[in-house]
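Student: The opening position of the sequence shown corresponds to residue -1 in this note's numbering, with each subsequent residue numbered one higher. Sharing a structure, written as structure tokens. Questions coming.
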Amino acid sequence: MAIVRFILRSFSLLFHGAFALLLLGLSVVSFLTGAHTFEFYILPWTGETLAYVLLALAIAGVLIVLLAMRGTARMVFFIWSLLVLAMIVRGYFFSYYTFVPGSGQFQLALWVLLAAVVAAIGARLEPGPAATRR
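Quick look at the structure:
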């Protein structure tokens, strides 16, 4: 059971780390190019406000993942993972985002949703006894 816990926890950290870096990359590109006319369907904001929100979420995400890697802020990491899961569900299924038939977008959305669910499960798991700090 310890190996499954380790794999799920590692996947969760990698998924949320990659998600935070994606948000950081989007915000940095937006600021560097001055293009504030993009939309990120999982968030309700647009334009320059979206760029600032992406930057704030990216910084928060990176800090939360780093703290979770150290074994602190476990509950904050779990709450973060639920927030990310909620953003993905809202963005794909409860917004004006539409899937183009035959394009594979719906399957991709389901894979991303599955990855977010597995990452949330991994975020809830406590590290094994050898990984906890005394």
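Idealized CB from N, CA, C, for every residue including glycine. Small disclaimer: the values here were computed from a predicted structure and weren't measured.
Between the Cα of residue 89 and the Cα atoms of 3, 2 and 38, which residue gives the shortest distance?
Tutor: Comparing Cα-Cα distances from residue 89 to each of 3, 2 and 38, the minimum goes to 38.
Student: With distances taken Cα to Cα, identify the nearest neighbour of residue 17 among 82, 121, 100 and 51.
Tutor: Among 82, 121, 100 and 51, the Cα nearest to that of residue 17 is on 82.
Student: Does the beta-carbon distance from residue 117 to residue 76 come in below 7 angstroms?
Tutor: Not in contact: residue 117 and residue 76 (Cβ atoms no closer than 7 angstroms).
Student: Report the rounded CA-to-CA distance for residue 44 versus residue 70, giving the unit in angstroms.
Tutor: The straight-line gap from Cα to Cα measures roughly 33 angstroms.
Student: For the 8 angstroms Cβ check, are there 3 or more pairs between the segment 19 to 30 and the segment 41 to 59?
Tutor: Touching, yes, given that three or more Cβ pairs across the two stretches are closer than 8 angstroms.
Student: Taking buried to mean at least 16 other C-beta atoms within 10 Å of its own C-beta, is residue 7 buried or exposed?
Tutor: Buried: at least 16 other Cβ atoms inside 10 Å.
Student: Run through DSSP, which three-state label would residue 70 get?
Tutor: Coil, per DSSP.
Student: If you count every other CB in all the chains shown that lies within 10 Å of the CB of residue 66, and 16 or more means buried, which is it?
Tutor: Its Cβ being crowded by 16 or more others within 10 Å, residue 66 is buried.
Student: Can you tell me the Cα-Cα spacing of residue 54 and residue 87, whole angstroms?
Tutor: When rounded, the distance between both Cα atoms is 21 angstroms.
Student: Return helix, strand or coil for residue 37, following the three-state DSSP convention.
Tutor: Strand at residue 37.
Student: Over what stretch of residues does the alpha helix (DSSP H) that includes residue 15 continue unbroken?
Tutor: Where residue 15 is concerned, the enclosing alpha helix (DSSP H) stretches over 0 to 31.
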